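Trainee:
Numbering (our numbering), first residue to last: 13 to 284.
1. Spatial neighbours of residue 60 within its chain, please: CB distance less than 8 Å, with the 5 preceding and 5 following residues excluded, ordered by chain position.
2. So if DSSP puts residue 34 in a beta bridge, which residue, or which two residues, is it bridged to?
3. Label residue 51 either buried or exposed according to how many other C-beta atoms from any shown protein chain fall within 10 Å of its C-beta, with 16 as the threshold for buried.
4. Would you kindly work out how many angstroms separate the C-alpha atoms of residue 17 and residue 156, rounded to a whole number?
5. Could you tell me the distance, in whole angstroms, from the CA atom of residue 27 to the CA atom of residue 107?
6. Please report the Cβ distance between residue 98 and residue 58, rounded to the nearest whole angstrom; I am assuming they are in contact, meaning their Cβ atoms lie under 8 Å.
7. So, are the CB atoms of residue 124 and residue 109 less than 9 Å apart?
8. What's the gap between the Cα of residue 31 and the Cα of residue 37?
9. Note down the Cα distance separating residue 168 from residue 201, rounded to an integer number of angstroms.
10. Between which two residues does the beta strand (DSSP E) containing residue 240 stretch?
11. Among 232, 210 and 162, which one has its Cα closest to the Cα of residue 69?
12. Are residue 204 and residue 193 touching if we call contact CB-CB under 9 Å?
13. Where are the beta strand (DSSP E) runs, 3 residues long or more, that stay fully inside the region 116-179, in chain order?
14. Helix or strand or just coil, what does DSSP make of residue 17?
15. With distances taken Cα to Cα, identify the nearest neighbour of residue 79 among 33, 62 and 197.
16. Here's a check: name, in chain order, each residue in its chain whose Cβ is nearer than 7 Å to the Cβ of residue 227, leaving out the five neighbours to either side.
17. So for residue 56, helix, strand or coil by DSSP?
18. Here's the rule: buried if 16 or more other CB atoms are within 10 angstroms of the residue's CB, otherwise exposed. What is residue 21?
19. Who are the near neighbours of residue 77 in its chain, counting only those whose CB is closer than 6 Å to its CB and skipping five residues on each side?
20. Pick out whichever of 191, 223 and 197 has its Cα sitting closest to the Cα of residue 210.
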């Protein structure tokens, strides 16, 4: 499976039978009906590169809003479940040196974002006033450390059977939807795992896209961005893969070689 064909996440929020998450392989917001695996691509998170991986890591639900906390990204994104709008809060300016968010701490009204740099400033954002401040103190912060409250894979003895890479286990989380049923997304594929405690049984549920054409069009833009940014590789996407989808897209859009033909686009991109 090509990297950009994978749909999975580091963590997710479950609400009314649906899992919401930020895709770990590119900038994408998804919703999955956990009972059936029916999957909908809801769009992207603004102000971030659409081809960026691991934009978010920690995620939590509060007052009918899902908070997508950055890992590699610059923004906190807030998804409103009532109207499906997304707000973006800048935590790191474009001029600042990039860093990873290592930990997120949820206080009564504040969210603390702790960078992986030893000398980096903690960002504190108030959910009521919407004010952002930097603090240098990294001692124990007041609130819940999200990394300490994750529900890991409940049956590690099944790791080999379901081909879950050992390196992925520390980043493989799920949810106990009830006292008996646990759900999680396989780290490297478009599948969910459902674990039933009473029967000690795992069920694999494929993710079935309900708006496949919409996602296909979006991924064409993602691959184009990868080529423009000169980050095409065997791991990300081969040039041949990009050429294939580009020519397929051009054939759909035109019947002759005009100014938008794939050959001219490839030549243009090599010069940019």
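The beta-carbon is built from N, C-alpha and C at its ideal position, and this holds for glycine as well. These figures come from a predicted structure and were not determined experimentally.
Mentor: Here's the rundown:
1. 39, 67, 85, 86 and 87
2. 41
3. buried
4. 34 Å
5. 37 Å
6. 7 Å
7. no
8. 17 Å
9. 18 Å
10. That residue, residue 240, is in no beta strand (DSSP E); its alpha helix (DSSP H) goes 224-240.
11. 162
12. no
13. 122-127, 134-138 and 144-147
14. helix
15. 33
16. 53 and 221
17. coil
18. buried
19. 90 and 92
20. 191
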